[in-house]
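Asks: According to my numbering, the sequence shown holds residues 11 to 323 in order.
We put the beta carbon where it would ideally sit given N, CA and C, even for glycine.
Sharing a structure here in structure tokens format.
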Amino acid sequence: MHHVGYLLTEGFQVMGLATQAVFEYANKVAGHEFYRLHNYSVGGGELASSLGMRVTTAKAVATASIDTWVVCGVGNPLESPASAEECAFLQRAAKKARRIAGICTGGFVLAEAGLLARRRATTHWAFARAMQERFPDIQVEDDRIYIVDGPLWTSAGMTAGLDLALAMVGKDLGEEAARSVARKLVMHQHRAGGQSQHSEMLELAPKTDRIQDALNYARRNLKRALTVEELAEQANLSARQFTRVFTSETGQSPAKAIEGLRLEAARLMIEQSRHPLEVVARETGFRDRRHMREVFLRGFGVAPQSMRREGRA
11 MHHVGYLLTE
21 GFQVMGLATQ
31 AVFEYANKVA
41 GHEFYRLHNY
51 SVGGGELASS
61 LGMRVTTAKA
71 VATASIDTWV
81 VCGVGNPLES
91 PASAEECAFL
101 QRAAKKARRI
111 AGICTGGFVL
121 AEAGLLARRR
131 ATTHWAFARA
141 MQERFPDIQV
151 EDDRIYIVDG
161 PLWTSAGMTA
171 GLDLALAMVG
181 KDLGEEAARS
191 VARKLVMHQH
201 RAGGQSQHSE
211 MLELAPKTDR
221 IQDALNYARR
231 NLKRALTVEE
241 LAEQANLSAR
251 QFTRVFTSET
261 GQSPAKAIEG
271 LRLEAARLMI
281 EQSRHPLEVV
291 ARETGFRDRR
301 HMREVFLRGF
311 GVAPQSMRRE
321 GRA
């Protein structure tokens, strides 16, 4: 039996508990109670979620009986940082547990406990930049659904916690079991793309019309090479001025932003059409199919072919 302990704090996001359904259905698929779930908090007792729903928790003890710890996030980790007691507990638990996961902003708790130092991690896209600034020793990847780095697992937004839990099932019980759980829950076994629930254009959110105009031009002309000089001309700026202003307003270099737009456009073409991947690559500005695959693996963590298979599932 595999014991999973959920570590909750006052004001936890109730969606984090939805991941327990993945383990519940994994037990049904396995035909026996492979997973046993427990709700804990540092002090024990009743806790209220962000919606006011109350959950009874046991007092958390760092024992070897818990194989996996799952830390649920709160609405704003910058306003509600982890307590010293939480951090101390997780440091002790990490020495005994098989793995520790942070769902959504729960990754901040792992970071504050020092568990993510010199590791790759992700969190909700709205807080990814803040995580990177506060914890520069973490390699924050802001467009991944979830990341596994050794025994540390982190997920993006709340629904991405479902993907993370399903990946745990796949690792524990095999991919066929995970596929069966995904079917029962009507979800993808491997969701296409990264944190693609938010638009790349919305995330860039430039402050001035001239940079927005350049981005609009880029999106309409992704098939072209799109040099900095060409984009700068759309903004009526010199190439040097454009690069400086663009980076200041969006937080990304022009090259990084255009790559993100190409990825988003290619992902949509793959999911919504039957065009060959060579055509998708050409129409969205990649050098060739191989180049597109390299960028997909770097940006999304999956190959274009995998997205197409998931889209047809």
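1. Within the continuous beta strand (DSSP E) that includes glycine 15, where are the two ends?
2. Please confirm if arginine 230 has its CB atom under 8 Å from at least one CB of chain D.
3. Can you list, in chain order, the stretches of the alpha helix (DSSP H) that have 4 or more residues and sit fully within the region 208–238?
4. Tell me whether glycine 41 is buried or exposed, calling it buried when 16 or more other Cβ atoms sit within 10 Å of its Cβ.
5. In terms of DSSP beta bridges, what is histidine 48 paired with?
6. By Cβ distance, which residues of its chain are closer than 6 Å to arginine 144, with the 5 residues on each side in sequence left out?
7. Is it buried or exposed, serine 248, if we count other Cβ atoms within 10 angstroms and call 16 or more buried?
8. Unbroken alpha helix (DSSP H) runs of length 4 or more, entirely within the region 82–163: which are they?
9. Between the Cα of threonine 133 and those of Ala166, Thr29, Gly184 and Ala92, spot the shortest distance and give me the residue it belongs to.
10. Where does valine 179 land, buried or exposed, given buried means 16+ other C-beta within 10 angstroms?
11. Within a Cβ cutoff of 6 Å, which residues of the same chain sit near isoleucine 113, ignoring the five residues on either side of it in sequence?
12. Pick from Glu122, Thr257 and Gly309: whose alpha carbon is nearest that of serine 93?
13. Is the region 16–36 touching the region 65–82 in the sense that three or more CB pairs, one from each, lie closer than 8 Å?
14. What is the residue span of the alpha helix (DSSP H) that glycine 62 lies within?
15. To the nearest angstrom, report how far apart alanine 245 and threonine 294 are at their CA atoms.
16. Buried or exposed for arginine 254, going by 16 or more other Cβ atoms inside 10 Å?
17. Determine the extent of the alpha helix (DSSP H) in which glutamate 43 is found, giving its start and end residues.
18. With H, G and I counted as helix, E and B as strand and the rest as coil, what does DSSP make of valine 312?
19. Going by Cα to Cα distance, which pick from Arg272, Arg108, Tyr156 and Pro146 is closest to glycine 116?
20. Whose C-beta lies closer than 8 Å to the C-beta of leucine 307 among residues of the same chain, with five residues either side of it excluded?
21. Which of the three DSSP states is assigned to alanine 68 in this structure?
22. Kindly indicate which residue of Asp182, Asn86 and Met168 has the alpha-carbon position closest to the one of phenylalanine 137.
23. Quick one: grab the DSSP three-state call for serine 75.
24. Measure the beta-carbon distance from arginine 109 to proline 146 and round it to whole angstroms, keeping in mind my assumption that it falls under 8 Å.
25. Please identify the residue among Leu174, Leu225, Val305 and Ile221 whose C-alpha is closest to the C-alpha of threonine 78.
Replies: Short version:
1. As a working mapping, residue 15 is identified with position 5 in the sequence shown. First-last of the beta strand (DSSP E) with glycine 15: 12–17.
2. Although the question refers to chain D, the structure presented lacks it and comprises just one protein chain.
3. You should have 210–214 and 219–230.
4. Working through the sequence shown from its first residue, we reach residue 41 at position 31. Burial call: exposed.
5. In the sequence shown, residue 48 corresponds to position 38, counting from 1. DSSP, once it has assigned bridges, lists Gly15 as partnering histidine 48.
6. Numbered from 1 along the sequence shown, position 134 holds the residue referred to as residue 144. So the list is empty, once near-sequence residues are dropped.
7. By 1-based counting over the sequence shown, the position of residue 248 is 238. Exposed is the call here.
8. 94–103, 116–122 and 135–144
9. Along the sequence shown, one-based indexing puts residue 133 at 123. If we check each option's Cα against that of threonine 133, Ala166 comes out closest.
10. Locating residue 179 in the sequence shown gives position 169, counting from the first residue. Valine 179 counts as buried, since at least 16 other C-beta atoms from the protein chains shown sit within 10 angstroms of its C-beta.
11. Numbered from its first residue, the sequence shown carries residue 113 at position 103. These residues qualify, in order along the chain: Gly26, Cys82, Gly83, Ser165 and Gly171.
12. Counting from one through the sequence shown, the residue named residue 93 turns up at place 83. Comparing Cα-Cα distances from serine 93 to each of Glu122, Thr257 and Gly309, the minimum goes to Glu122.
13. yes
14. For the purposes of this step, residue 62 is taken as the residue at position 52 of the sequence shown. Where glycine 62 is concerned, there is no enclosing alpha helix (DSSP H), given that its DSSP letter is neither H nor E.
15. Within the sequence shown, residue 245 is the residue found at index 235, counting from 1. Within the sequence shown, residue 294 is the residue found at index 284, counting from 1. Approximately 22 Å, taken between the alpha carbons.
16. Translated into positions along the sequence shown, residue 254 becomes position 244. With fewer than 16 Cβ atoms within 10 Å of its Cβ, arginine 254 is classed as exposed.
17. For the purposes of this step, residue 43 is identified with residue 33 of the sequence shown, where counting begins at 1. Glutamate 43 -> no alpha helix (DSSP H), and no H or E assigned at all.
18. On the sequence shown, residue 312 is found 302 positions in, with the first residue counted as 1. Coil, per DSSP.
19. Locating residue 116 in the sequence shown gives position 106, counting from the first residue. If we check each option's Cα against that of glycine 116, Tyr156 comes out closest.
20. As a working note, residue 307 is residue 297 in the sequence shown. Non-local C-beta neighbours of leucine 307 in its own chain, meaning closer than 8 Å and more than five positions away in sequence, comprise Ala313, ordered along the chain.
21. Residue numbering aside, residue 68 sits at position 58 when the sequence shown is read from its first letter. It is a strand residue.
22. Working through the sequence shown from its first residue, we reach residue 137 at position 127. If we check each option's Cα against that of phenylalanine 137, Asn86 comes out closest.
23. On the sequence shown, position 65 is the one that residue 75 refers to. Here DSSP, grouped into helix, strand and coil, assigns serine 75 to coil.
24. Position 99 of the sequence shown holds residue 109. Position 136 of the sequence shown holds residue 146. That pair is no contact at about 24 Å.
25. Along the sequence shown, one-based indexing puts residue 78 at 68. Ranking the options by Cα distance to threonine 78, first place goes to Leu174.
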